[in-house]
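Residue numbers (this note's numbering), protein chains in the order written: chain D, 250 to 582; chain H, 831 to 1216; chain F, 1029 to 1383. All C-beta atoms in this analysis are idealised placements derived from N, C-alpha and C, irrespective of residue type, glycine included. Just so we're clear, the structure is a prediction, and the values are computed from it rather than from any experiment. The block underneath contains the structure these notes are about, expressed in structure tokens.
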Amino acid sequence: MTATSDTTPSRVLSAPLQVAFDYTRSTGLVLGAFMTGLRERRILAARTSDGRVVVPPVEYDPVTHAAVSADDLVEVGATGTVVTWTWVSEPVPGQPLDEPFAFALVTLDGATAPMLHAVKADGPQSLQTGMQVSAVWSDQPQGHITDIQYFEPTGEARGGSPAAASAGSPDAPEGVTQVITPVELDYIYEASPEESAFFRAIAEGRLVGQRCPKCQKVYIPPRGACPVDGVPTAEEVELPDSGIVTTFCIVNVPFLGQKIKPPYVSAYILLEGADIAFLHLILGIPADEVRMGMKVRAVWKPREEWGTTVENISHFEPTGEPDADYESYRAHL
Amino acid sequence: MGKQLAAVVGVGQTHYRAKREDVSMPGLLREAVDRAMADANVGFDDLDAIVVGKAPDLFEGVMMPELFLSDALGAAGKPLLRVHTAGSVGGSTANVAASLVQSGVHRRVLAVAFEKQSESNAMWALSIPVPFIMPVHAGAGGYFAPHVRSYIRRSGAPVHIGAMVAAKDRQNALKNEYAHLRNPDTTFESVMASQMLWDPIRYDETCPSSDGACAVVIADEDTAAASPNPAWIHGTVMRTEPTTAAERDQVNPQAGREAAAAIYKQAGITDPLTEIDCAEIYVPFSWFEPMWLENLGFAAEGSGWKLTESGATALDGELPVNMSGGVLSSNPIGASGMIRFAEAALQVRGAAGEHQVPDARRALGHAYGGGSQFFAMWIVGADRPA
Amino acid sequence: MRDVAVVGFAQRQMSHFDGSPTMVELLVPLFAELWEQTGWSKDDIGFWCSGSSDYLAGRSFSFVSAVDAIGTLPPVNESHVEMDAAWALYEAWVKIQTGEVDAALVYGFGKSSAGLLRRVLALQLDPYVLTPLWPDTVSIAALQARLGLEAGRWSEEDLAAVVAGSRSAATANPYALLSGETSVDKLLAEPMFSDPLRKHDCAPVTDGAAAIVIAAGDRARSVCERPAWITGYEHRTDGQNLSLRDLSRAPSVAGAASRLDLAGVDVAELHAPFSHQELLLREELGLDDSVSVNPSGGPLAGNPMFSAGLIRIGEAARRIQDGTAGKVLAHATSGPALQQNLLCVMSGTSTGGGN
């Protein structure tokens, strides 16, 4: 992770942050039947106790709150009437179309309640409430809401039509029970001014903490608010890159996103002159020989690899000095 | 008007499993909700408000999922609240629901908490790298393991205590039809033989990742009086402290100690070990049983492990702890706190089935979250509070 | 019910907050302002509650570090809702009603600019059949706006008039992002963004935070000359299902209002992030032209997610405290197209419910 280029000096550091995961959603029976229908280019609706025909089908009746049975779903048409619409002039990633399009509520033939989907058209002038639109199916339906790629004004429909659909693809005889939904979000992360000062110093190989003006404790990294006093830490205190291990664990477990091969030691390190320990790695000693109170110093990455990150310190390693007395760090456990 | 009495009149749980692939999220919640409402003998129209709790939205990839769940929960037209207090959230959710009745605002409130962890990966959701910061090279267990080491050092506890807790809770889970881990072969020896994951925490000393939901119906005095076996709420408490602070005690956090003192005062308890009949405590890693026994005042500082070692926390012990099998046996994170609270209620209602503690009259439900910094508890009793 | 009043209010709004998503740096001065207003310190607060969102911040447990701004050793009695802080204030009000505490501080914060807000909010929709299409929050609102337009309940001119009114009123609000005199004609000459909505019909993406102190009875009177007494506090949700909901209505608003006495309200601060929603809310609430709506400029002048609802309560309370209004209504919303709604009525005179 590196800082974005500093064309205009900012008081804080920023960097992109992506949050992305392909979520696995179990559908339950009703939505599973709906998704299975989509895979066969059929659209299934629920009949509610007050007589509405609702698509996508609801799992629970809106009036009685009783569970809807997947066996009671009814098929509706793939053509319908626009109830309301909007023209999306600036689509965002993930939407059904990359170029401007419409979102609309469409009441399908045979249904009495509308569903939301995209409508492809030349422009907002081509849309109006009450117009007929038809589903355009994806070439290879998977059992997902995106099997309907979008709707388009009836008469222009291309791609598969319900009539042309095969009754289920032979290689997927089981009903759909799961859908995969990728969720990918991009953020700009910014550090607090206090943290930014710390990260900028570490880019120069210095460890700079700050002292709380009230309790006088030295925090590293410094804090936008001392967690005891609720005021920002202020006075800068340069700290050495050596200290002690207060407590630690030996990591033997592999997990998603792990960067180092187990076993290794994750330890709380209390720098000399600091009043709070932080987590970092201990290497350069067999994992089972790491001790509470062990004196350690930072091993820095080569200077050319430095950035505004704590990862400039590759890890900590033992100094070989005698261990600290338990009483000297007991209050930090 | 003053504080009104409130009681739990219905409890519902799903079966907890690694993956509940048979249901959607609404289906998962309704399984617990329908059971709680049947237990309470109420319908949707009888409920004045709904409180939903769950842990981070990133687990399911839905922002404020209570919004879309409102349809399945029959919430339309009702007040709906969404609580999120990290791992303690299940407990906090029950407490917020209780306050809605204790304040006199509502008469019957449904609280439901859930997590469908199989939709994503909890380890991922909890360790998305923050720019500039050192990545957490250890995952969730790695966060707590150093503090367990600190506890062992501070208390001088023998290293086998954790395995005793894990074996006990897993054996208790065999008596709980809803529990996720139900392996009759889990014994003290098998736990000791399991892989050291986050030394000093072994594989069998860690909680599973579960799908599940838990719901309770909390009602006012009149409604409760008509219930055959209400669990009267004798006290509720929440306390928060920072994740990290200079010289913060992470083994025996002040927030937990103060929460315990406050709730005992509310419930008129002076000696918790003798006055509380059983406790369902949030123990995601086995060593937290002795740690919380001290934090909660059941044992003096440094001697919680002795209570565990003596067998006092076994189902037939002086203070049965985690009769349901605990978080070590079922862990849908957002619901885990409420399951503790619900188990406490089941015990004093005499409705805990095979894991019932004979004649349990007063029970503690406990939850914690974040870096041992958010605490939520309640004490429920078979008797109407004095 | 105990008499409970708003006795302190502080806010910040900006188009971009250059600081951490925990917003601790922004909360510290807000709390300092509240201590100045009330003369209290954190020791006087019996309960704390906040509202924020992990997805807005882009990380789990975003609220966890925010408590540092309080200074939470010794520990505090604290809770959090994943909702606008207007609901956090409700939880705090309930807490005071239990008699356990007498004063509470509530805060909300959110850094909307960290991601692409209208896209992030698509995650509030049904995850099976809607989120995969990424219907952004502006599009959903636009579907609602068109329903009202075509039913003749409002016109494009009406929408522009709401915007012009907001901009004009906001000139008196130092926290407003958008303010100034404009005209319906000028606004209607702007291009469509999400037809029938133009960019100015949508609240600006806003970072910010707000905090409110409430207290019971004599505690309130001791620190505030003219406390804004909460005489009614109700919230409701509608179902979300866009197939079942009549998008052109917000029955939960009318439902909450049915339990309140709105007669004689001088000022209403309505949390309408889209211009047509102010009109929709007026209808649901039955507010006539004698009520001054959004004298702060409202959300169209600035809409910091997860505190904008709380700000409506603070702004409305301010009118009681400065003596310009005798009875006020504040509204907060959450979810797509006004799904969830909260109403808080405040008055210069308490109901006499006691301490």
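Where does residue i fall in DSSP's three states?
| i | result |
| --- | --- |
| Gly203(D) | Since the first and last residues shown for chain D are 250 and 582, residue 203(D) lies out of range. |
| Gln507(D) | coil |
| Thr482(D) | coil |
| Asn789(H) | With chain H covering only 831 through 1216, there is no way to say anything about residue 789(H). |
| His1064(H) | strand |
| Val978(H) | helix |
| Asp334(D) | For the record, residue 334(D) in the displayed sequence is Trp; it is not Asp. Three-state result, Trp334(D): strand. |
| Val1047(H) | strand |
| Ala1108(F) | Sequence check: residue 1108(F) is His here, not Ala. DSSP places His1108(F) in strand when its eight states are reduced to three. |
| Arg1347(F) | helix |
| Trp1208(H) | strand |
| Ala1131(F) | strand |
| Met1026(H) | strand |
| Gly409(D) | Per-residue confidence for Gly409(D) stands at a pLDDT of 47, beneath the threshold of 50, marking its modelled position as unreliable; the derived number appears in the next sentence. Note: Gly409(D) maps to coil in three-state DSSP. |
| Gln947(H) | helix |
| Trp1068(F) | coil |
| Lys605(D) | Coverage of chain D is limited to positions 250 through 582, which leaves residue 605(D) absent and any answer about it impossible. |
| Arg1191(H) | coil |
| Val1056(F) | helix |
| Ala416(D) | Unreliable placement is indicated for Ala416(D), whose pLDDT of 47 sits below 50; no coordinate value is reported for it. |
| His393(D) | coil |
| His1299(F) | coil |
| Asp320(D) | helix |
| Thr1304(F) | The question names Thr, yet the displayed sequence has His at residue 1304(F). If DSSP states are grouped into helix, strand and coil, His1304(F) belongs with the helices. |
| Arg1032(H) | strand |
| Ile1073(F) | coil |
| Leu1158(F) | coil |
So, under 8 Å CB-CB, residue i and residue j are touching, yes? Tell me the CB distance rounded to an integer number of Å.
| i | j | result |
| --- | --- | --- |
| Met1068(H) | Ala1206(H) | 5 Å |
| Thr915(H) | Phe1204(H) | 5 Å |
| Pro1038(H) | Ala848(H) | 7 Å |
| Glu861(H) | Ala1091(H) | In fact, because the Cβ distance is near 37 Å, the residues do not count as touching under 8 Å. |
| Met541(D) | Thr496(D) | 6 Å |
| Ser918(H) | Gly1156(H) | Contact flag wrong, Cβ pair sits at about 15 Å. |
| Thr568(D) | Ser491(D) | 6 Å |
| Tyr438(D) | Ala547(D) | Between Ala547(D) and Tyr438(D) the Cβ distance is about 25 Å, and since that is not below 8 Å, they are no contact. |
| Asp1317(F) | Gly1354(F) | The pair is not a contact, with the Cβ atoms about 18 Å apart (cut-off 8 Å). |
Give me the residue from the options with the minimum Cα distance to residue i.
| i | options | result |
| --- | --- | --- |
| Glu1312(F) | Arg1340(F), Lys1355(F), His1359(F) | His1359(F) |
| Ala1237(F) | Pro1160(F), Leu1054(F), Ala1282(F) | Leu1054(F) |
| Glu1088(H) | Leu1101(F), Ala1038(F), Glu1061(F), Arg1273(F) | Leu1101(F) |
| Met1374(F) | Val1212(F), Phe1059(F), Leu1084(F), Leu1357(F) | Leu1357(F) |
| Glu1148(H) | Gly1155(H), Ser1154(H), Gly1164(H), Ala1129(H) | Ala1129(H) |
| Thr395(D) | Leu1177(F), Ala1173(F), Ala1189(F), Pro1155(F) | Pro1155(F) |
| Lys998(H) | Val881(H), Glu1105(H), Pro965(H), Ala1144(H) | Ala1144(H) |
| Arg1214(H) | Phe1118(H), Thr1053(H), Trp1117(H) | Thr1053(H) |
| Leu1275(F) | Pro1255(F), His1299(F), Gln1305(F) | Gln1305(F) |
| Arg937(H) | Ala1023(H), Gly992(H), Asp876(H) | Asp876(H) |
| Ala1278(F) | Pro1255(F), Leu1175(F), Ile1073(F), Leu1117(F) | Leu1175(F) |
Anything in the segment 1149 to 1169 of chain F with a Cβ closer than 9 Å to a Cβ of chain H? List those residues in chain order, please. Against chain H - using a Cβ distance shorter than 9 Å - the residues of the segment 1149 to 1169 of chain F are Leu1149, Ala1150, Leu1151, Gln1152, Leu1153, Asp1154, Pro1155, Tyr1156, Leu1158, Thr1159.
Which of the residues in the segment 421 to 441 of chain D, read from start to end, lie with their CB under 8 Å from any CB of chain F? Answer in chain order: Val428, Thr430, Val432, Leu434, Asp435, Tyr436, Ile437, Tyr438, Glu439, Ala440, Ser441.
List in chain order: all unbroken alpha helix (DSSP H) runs of 4+ residues lying wholly within the segment 1163 to 1249 of chain F. Complete alpha helix (DSSP H) runs here, min 4: 1165 to 1178, 1184 to 1198, 1212 to 1216.
Listed in chain order, which residues of the segment 919 to 932 of chain H have Cβ atoms closer than 7 Å to some Cβ of chain F? So the close ones are Ser922, Val926, Ser929, Leu930, Gln932.
Closer than 7 Å, Cβ to Cβ, to anything on chain H: give me those residues from the segment 1106 to 1127 of chain F, in chain order. If the cut-off is 7 Å between Cβ atoms, the segment 1106 to 1127 of chain F has Glu1106, Ser1107, His1108, Val1109, Glu1110, Met1111, Trp1115, Glu1119, Val1122, Lys1123, Gln1125, Thr1126, Gly1127 near chain H.
Residues in the segment 308 to 336 of chain D having any Cβ partner in chain F nearer than 9 Å: From the segment 308 to 336 of chain D, only Pro311, Val332, Thr333, Trp334, Thr335, Trp336 have a Cβ closer than 9 Å to chain F.
Quick one: which unbroken alpha helix (DSSP H) runs of 4-plus residues sit fully inside the segment 1140 to 1188 of chain H? Chain order, please. With a minimum length of 4 residues, the unbroken runs of alpha helix (DSSP H) contained wholly in the segment 1140 to 1188 of chain H fall at 1163 to 1178.
The segment 1113 to 1130 of chain H: positions lying closer than 7 Å to chain F by Cβ: The segment 1113 to 1130 of chain H vs chain F, Cβ under 7 Å: nothing.
Under 7 Å, CB to CB, which of the residues in the segment 281 to 296 of chain D have a partner in chain H? From the segment 281 to 296 of chain D, no residue has a Cβ closer than 7 Å to chain H.
If contact means a Cβ-Cβ distance below 9 Å, which residues of the segment 886 to 914 of chain H contact chain D? Answer in chain order: Leu888, Glu890, Gly891, Val892, Asp901, Ala902, Leu903, Gly904, Ala906.
Only counting runs of 4 or more residues, tell me where the alpha helix (DSSP H) segments fall wholly within the segment 1068 to 1126 of chain H, in order along the chain. Every alpha helix (DSSP H) of 4 residues or more that sits fully in the segment 1068 to 1126 of chain H is shown, in chain order, as 1084 to 1097, 1102 to 1105, 1118 to 1125.
Give the residues from the segment 479 to 499 of chain D that approach chain F closer than 7 Å (Cβ to any Cβ), ordered along the chain. Residues passing the 7 Å Cβ filter: Gly479, Val480, Pro481.
Contact list for the segment 1256 to 1280 of chain F against chain H, Cβ threshold 8 Å: Taking 8 Å as the Cβ-Cβ cut-off against chain H, the residues of the segment 1256 to 1280 of chain F that qualify are Glu1262, His1263, Arg1264, Thr1265, Asp1266, Gly1267, Gln1268, Asn1269, Leu1272, Pro1279, Ser1280.
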